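Numbering (my numbering), first residue to last: 97 to 230.
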Ligand code: NI
């Protein structure tokens, strides 16, 4: 027996038109799948930190010439080596590096590590994406 619940949504017609345009651009087959993804994303943002275990991907862009930055970022990762599962380093151009780190562990520790790396002076761009399997 299906556990699917259905509900109606009242929405401004112009907003719905924009939403449908977004769904087309992103390749969604229907509104329900898009709404499910939006709800999951909102729940992850709101509740992820309360989980006992989690994982996520941290993306960093930085100029490796600046202030010994590569060494400092590596040192921070070594301080939390148990949380850093894997890393990918791409030399984007002569100055800039793109690093993608896969983190796994207690969500609060992952968030703290990600914040510390992103806040390191010289990091041009950093974003942490928690993930959920639920
Ligand atoms: Ni590089």
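Glycine residues also receive a C-beta, built at the ideal position from the N, C-alpha and C atoms.
The structure presented is a predicted model; accordingly, all values stated were derived computationally and were not measured.
Decide if residue 295 is buried, meaning its Cβ has at least 16 other Cβ atoms within 10 Å, or exposed. Nothing about residue 295 can be read from this structure; the chain reaches only from 97 to 230.
In three-state terms, what does DSSP make of residue 159? As a working mapping, residue 159 is identified with position 63 in the chain shown. It is a strand residue.
Residue 151 bridges to which residues according to DSSP? Translated into positions along the chain shown, residue 151 becomes position 55. Per DSSP, 200 and 227.
Between the C-alpha atoms of residue 169 and residue 115, what's the straight-line distance to the nearest angstrom? Counted from its first residue, the chain shown places residue 169 at position 73. Counted from its first residue, the chain shown places residue 115 at position 19. Cα-Cα distance, rounded: 40 angstroms.
Reduced DSSP secondary structure (H/G/I, E/B, other) of residue 183: Sequence index remark: in the chain shown, residue 183 carries index 87 (1-based). Strand, per DSSP.
Candidates 206, 139, 158 and 132, of which the one nearest residue 101 by Cα: As a working mapping, residue 101 is identified with position 5 in the chain shown. Checked all of 206, 139, 158 and 132; the closest Cα to residue 101 is 132.
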